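Residue numbers (this note's numbering), protein chains in the order written: chain A, 10 to 325; chain B, 10 to 325. Structure, as structure tokens:
Number of protein chains: 2
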Amino acid sequence: MKYYLGVDLGGTNIKAGITDENGNILLKSSIRTDSEGNAKKIADQMVGLCQSLVKKSEISMDDVVSVGVGIPGTVDAETGMVIYCNNLDMDGAPIGAMMQEALQKPVHLANDASCAALGEFFCGSGKQYNSVILVTLGTGVGGGIILNGKLWEGLEGAGAEIGHMVLHAGGEPCSCGRRGCFEAYSSATALVNQTKAAMRKHPLSLLNAVADKSGKVSAKTAFDAMRKGDTVAKDVVENYLFYLSEGVANLINIFAPEAIILGGGVCNEGDTLLVPLKEQVVAKCYGGDLIHHADISIASLGNDAGLIGAAMLYKA
Amino acid sequence: MKYYLGVDLGGTNIKAGITDENGNILLKSSIRTDSEGNAKKIADQMVGLCQSLVKKSEISMDDVVSVGVGIPGTVDAETGMVIYCNNLDMDGAPIGAMMQEALQKPVHLANDASCAALGEFFCGSGKQYNSVILVTLGTGVGGGIILNGKLWEGLEGAGAEIGHMVLHAGGEPCSCGRRGCFEAYSSATALVNQTKAAMRKHPLSLLNAVADKSGKVSAKTAFDAMRKGDTVAKDVVENYLFYLSEGVANLINIFAPEAIILGGGVCNEGDTLLVPLKEQVVAKCYGGDLIHHADISIASLGNDAGLIGAAMLYKA
């Protein structure tokens with residue numbers, strides 16, 4: 010049988026897994042990223058993790074057809090080069106070639122959100138579609154674009170930066186240097202900041218009690234306080250939904266994909282997020298009811314999406 | 010030799026042309042659109058124009074391989090149905106089948122901005138690229154998306170509505186019912202409105218004299234008054250460039266295409282528009298100087314882009 014290695018490189022952890030040709034995980038493992046290390050060190054870590062994983066498994070390296078790696082940055086898939094990586098010291102590093110030499114297998118690189126999109130596309134919520142856009146609501150807002158079954162990454166892999174689509178020109182500052190990006194309104198980080206601002210402005214709101222009880226302000230705080238009937242929390246959630254629906258409607262107007270899949274921690278809210286979001290998005294899509302717009306659903310693979318998608322890069 | 014018919018249906022005129030397989034125009038003609046007519050009437054007009062054009066030419070209908078039609082609305086290319094057309098009464102009409110029966114040739118439909126993009130891609134400013142996004146700055150803001158040499162129109166042809174990407178949530182009202190769309194800031198219509206507002210606010214500005222002299226306020230007024238040294242006009246142009254650069258940078262961050270091509274009347278300003286636009290866009294693109302971003306240029310086929318692209322639909 011044929012097996013595939015998938016690696017999901019993150020700023021904190023490196024996850025890797027062995028999958029079959031359909032993306033089913035045979036075995037997985039993770040280690041802490043040497044985030045202070047250079048490209049060579051990190052490539053060595055990934056190679057080592059792959060080798061130890063195969064050793065622990067029932068298969069041998071001979072059974073592995075190819076290796077896929079999701080990188081938290083901009084990647085040129087053709088050359089296997091990392092072009093730009095915000096969190097790790099690998100700008101311009103030939104990670105593909107380095108790993109290929111060490112493992113003696115074809116190595117495919119892609120952006121980590123693109124890998125997560127592929128994972129959902131082949132094995133998760135995107136299974137029944139041909140064209141899917143994944144929107145991850147986490148520390149930032151990430152995106153993966155699959156059109157007619159193929160990953161769209163753009164020139165030198167710099168595309169799919171949907172978190173840096175401006176929704177409110179001149180608005181909230183974004184980590185990218187621009188103002189008003191989707192990420193500055195719809196990431197989990199942004200929701201936490203919006204919640205904190207409401208807490209400062211309304212010290213008597215239940216938001217404060219809920220945060221105190223859980224020991225911190227999280228993306229869950231506003232939803233929890235809203236469920237307890239707090240009107241300030243309801244406003245926070247509604248404002249969050251307003252911008253999220255603007256961003257999702259933009260993507261539908263631009264791509265008209267078959268599906269938008271939402272990932273990231275905020276999606277743990279399930280229907281509390283999804284039901285009002287769908288309503289608002291439909292009202293904002295061009296052509297309104299005359300056109301069948303994209304289905305909107307929540308990602309189903311959780312943290313495994315990235316490594317599964319990386320393993321599936323061989324057929325993307 | 011093989012020839013192709015291209016039809017560009019507009020709310021005011023129907024243009025048609027005979028091209029060779031490379032999009033070179035042999036002969037073209039146009040008539041006024043029966044804009045009050047139903048779908049059958051308009052289809053008959055397009056068929057009649059095609060037939061009379063071939064009669065006037067040196068070729069016969071036997072030399073025509075296929076017919077392409079650009080529709081000012083949402084089109085399902087697979088079924089040849091018009092899904093949604095704002096200006097003409099053809100929602101749900103099987104225009105493809107109607108014309109195919111009358112002309113006894115394969116008929117391909119697409120959105121008119123998609124056709125213009127194809128025209129520029131095969132025969133104009135987009136010739137040297139594989140992935141191009143056309144942005145037309147006219148009555149509205151239209152878009153055509155070509156990725157890896159193929160037109161991307163999305164589910165039921167509803168994609169590429171880039172004019173309805175919101176740039177300023179809750180901002181200027183748009184004809185689509187939303188607020189803050191790209192179209193509401195960057196269309197020629199929007200520029201005229203912005204110019205008129207500045208004229209009202211600054212009755213002594215040169216804008217007024219320039220408009221009086223030409224007999225109307227146009228997309229040219231602010232540029233002309235700026236060239237004469239008027240500071241109010243300069244502010245109007247700078248505000249226009251600010252939003253246009255936001256929209257173009259968004260498209261680059263989302264797609265990372267090889268090129269963005271700008272069309273429509275506003276582009277007659279040439280480098281006065283293009284040079285400062287490029288500067289602002291680069292500063293707004295994710296990854297900044299580390300990434301080679303899309304070339305930005307101005308469309309070269311003018312009003313023929315739509316009919317050439319329609320004729321070229323056979324290979325799109």
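Glycine included, C-beta positions come from ideal geometry on N, C-alpha and C. Remember, it's a predicted structure, so these values are computed and weren't measured experimentally.
(request) Could you confirm whether any beta carbon from chain A is found closer than 9 Å to the beta carbon of Thr83(B)? (result) Output row for Thr83(B): interface = yes.
(request) Taking only beta-carbon positions, decide if Met174(A) is within less than 9 Å of chain B. (result) By this cut-off, Met174(A) is an interface position.
(message) Under DSSP, the alpha helix (DSSP H) around Thr240(A) begins and ends at which residues?
(response) Segment 240-264, the alpha helix (DSSP H) holding Thr240(A).
(message) Per the DSSP calculation, Cys190(A) is bridged to which residue(s)?
(response) DSSP, once it has assigned bridges, lists Val175(A) as partnering Cys190(A).
(message) Cβ closer than 7 Å: which chain A residues qualify as neighbours of Cys185(B)?
(response) The contacting residues are Tyr295.
(message) I'd like the list of long-range same chain contacts for Ser75(A), defined as Cβ closer than 8 Å, with 5 residues on each side in sequence excluded.
(response) Excluding residues within five positions, the ones whose Cβ falls inside 8 Å are Tyr13, Leu14, Lys114, Pro115, Val116, His117, Leu322, Tyr323.
(message) Could you compute how far the alpha carbon of Val241(B) sits from the alpha carbon of Met174(B)?
(response) Computed Cα separation, rounded: 28 Å.
(request) Spatial neighbours of Gly151(B) within its chain, please: CB distance less than 7 Å, with the 5 preceding and 5 following residues excluded, ordered by chain position. (result) The answer, listed in chain order, is Ala122, Thr145, Gly172.
(message) With a threshold of 9 Å between beta-carbons, can Tyr252(B) be considered close to chain A, or not?
(response) At least one chain A Cβ lies under 9 Å of Tyr252(B).
(message) Check this for me: beta carbons of Glu318(A) and Glu129(A), under 9 Å apart or not?
(response) Inspection of the sequence shows that residue 318(A) is occupied by Gly rather than by Glu. With contacts defined by Cβ atoms closer than 9 Å, Gly318(A) and Glu129(A) form a contacting pair.
(request) State yes or no: is the beta carbon of Ile270(A) nearer than 9 Å to at least one beta carbon in chain B? (result) Taking Cβ atoms only, chain B never reaches closer than 9 Å to Ile270(A), which makes this a no.
(request) Taking only beta carbons into account, state which residues of the stretch 93-104 of chain A come closer than 8 Å to chain B, listed in chain order. (result) Residues Tyr93, Asp100.
(request) In the DSSP assignment, find the alpha helix (DSSP H) that holds Ile27(A) and state where it starts and stops. (result) Not the alpha helix (DSSP H): Ile27(A) falls in the beta strand (DSSP E), residues 22-28.
(request) For chain B, find out if any of its Cβ atoms is closer than 9 Å to the Cβ of Pro2(A); answer yes or no. (result) Within the shown structure, residues of chain A are numbered from 10 to 325, placing residue 2(A) beyond reach of any answer.
(message) Let me see if you follow: with CB-CB separation under 9 Å, is Gly344(A) close to chain B or not?
(response) Chain A is shown from 10 up to 325; residue 344(A) falls before or after that span and cannot be answered.
(request) Please determine if the stretch 274-294 of chain A and the stretch 97-107 of chain A are in contact, where contact requires at least 3 C-beta pairs separated by less than 8 Å. (result) At 8 Å Cβ cutoff, the stretches do not touch.
(message) Counting only Cβ-Cβ distances shorter than 9 Å, please list the residues of the stretch 145-173 of chain A near chain B, keeping chain order.
(response) Against chain B - using a Cβ distance shorter than 9 Å - the residues of the stretch 145-173 of chain A are Gly152, Ile154, Leu156, Asn157, Lys159, Trp161, Glu162, Gly163, Leu164, Glu165, Gly166, Ala167, Gly168, Ala169, Glu170, Ile171, Gly172, His173.
(message) I need the straight-line Cα distance from Ser196(B) to Leu164(B), nearest angstrom please.
(response) The alpha-carbon atoms of Ser196(B) and Leu164(B) are separated by roughly 25 Å.
(request) Note the first and the last residue of the continuous beta strand (DSSP E) segment covering Ile300(A). (result) DSSP places Ile300(A) in no beta strand (DSSP E); its state is neither H nor E.
(request) Confirm, please, whether the CB-CB distance from Gly135(A) to Ile155(A) is below 9 Å. (result) It is a contact, given that the beta carbons lie within the stated cut-off.
(message) Which same chain residues end up closer than 8 Å to Pro69(A) when comparing Cβ atoms and leaving out the 5 residues on each side of it in sequence?
(response) The sequence as given places Ser at residue 69(A); Pro does not occur at that position. If we look at Ser69(A) and ignore the five residues flanking it on each side, its Cβ neighbours are Val63.
(request) Verify whether the separation of the beta carbon atoms of His302(B) and Ile261(B) is less than 9 Å. (result) With respect to Ile261(B), His302(B) sits close: the two C-beta atoms are nearer than 9 Å.
(request) Report yes or no: is there a C-beta of chain B within less than 9 Å of the C-beta of Phe264(A)? (result) Among the residues facing chain B, Phe264(A) is included, as its CB has a counterpart in that chain under 9 Å away.
(request) With DSSP collapsed to three states, give me the class of Ile92(A). (result) Of the three classes helix, strand and coil, the one that applies to Ile92(A) here is strand, per DSSP.
(request) Flag this pair as yes or no: are the beta carbons of Ala268(B) and Gly133(B) separated by less than 9 Å? (result) No Cβ-Cβ contact shorter than 9 Å links Ala268(B) with Gly133(B).
(message) Suppose the cutoff is 7 Å on Cβ atoms and the five residues either side in sequence are ignored; what does the same chain contact list for Asn95(A) look like?
(response) If the five residues before and after Asn95(A) are omitted, its C-beta is found closer than 7 Å to the C-beta atoms of Gly82, all from its own chain and listed in chain order.
(request) Determine the direct distance from the alpha carbon of Asn33(A) to that of Ala308(A), and round the result to whole angstroms. (result) Their Cα atoms are separated by approximately 16 Å.
(request) May I ask which residues mark the beginning and end of the alpha helix (DSSP H) holding Leu112(A)? (result) That run of the alpha helix (DSSP H) goes 104-112.
(message) Taking a contact to mean a Cβ-Cβ separation below 9 Å, would you say Val219(B) touches Asp239(B) in this structure?
(response) Yes.
(message) If distances are taken between C-alpha atoms only, which option among Gly279(B), Thr204(B), Glu170(B) comes closest to Phe191(B)?
(response) Closest in C-alpha terms to Phe191(B), from the list Gly279(B), Thr204(B), Glu170(B), comes Glu170(B).
(message) Whether or not the stretch 15-26 of chain A and the stretch 37-46 of chain A are in contact is what I'm after, with contact meaning three or more pairs of Cβ atoms, one per stretch, closer than 8 Å; do they touch?
(response) By the C-beta criterion, the stretch 37-46 of chain A is judged to be in contact with the stretch 15-26 of chain A, since at least 3 inter-stretch pairs fall below 8 Å.
(message) According to DSSP, is Gly32(A) part of a helix, a strand, or is it coil?
(response) Gly32(A): coil per DSSP, three-state reduction.
(message) So if I threshold CB-CB distances at 8 Å, which residues from the stretch 296-322 of chain A count as touching chain B?
(response) Listed by position, the residues of the stretch 296-322 of chain A near chain B (Cβ gap below 8 Å) are Gly296, Gly297, Leu299, Ile300, His301, His302, Ala303.
(message) For Gly311(B) and Glu181(B), I'd like the C-alpha separation in whole angstroms.
(response) Cα to Cα, the separation comes out at about 29 Å.
(message) Suppose the cutoff is 6 Å on Cβ atoms and the five residues either side in sequence are ignored; what does the same chain contact list for Ala234(A) look like?
(response) Once the five neighbours on either side are set aside, the close Cβ partners of Ala234(A) are Leu215, Leu216, Val219, Ala242.
(request) Apply the 10 Å Cβ neighbour rule to Val284(A) and answer buried if 16 or more other Cβ atoms are within range, or exposed otherwise. (result) When all chains shown are included, Val284(A) counts as exposed.
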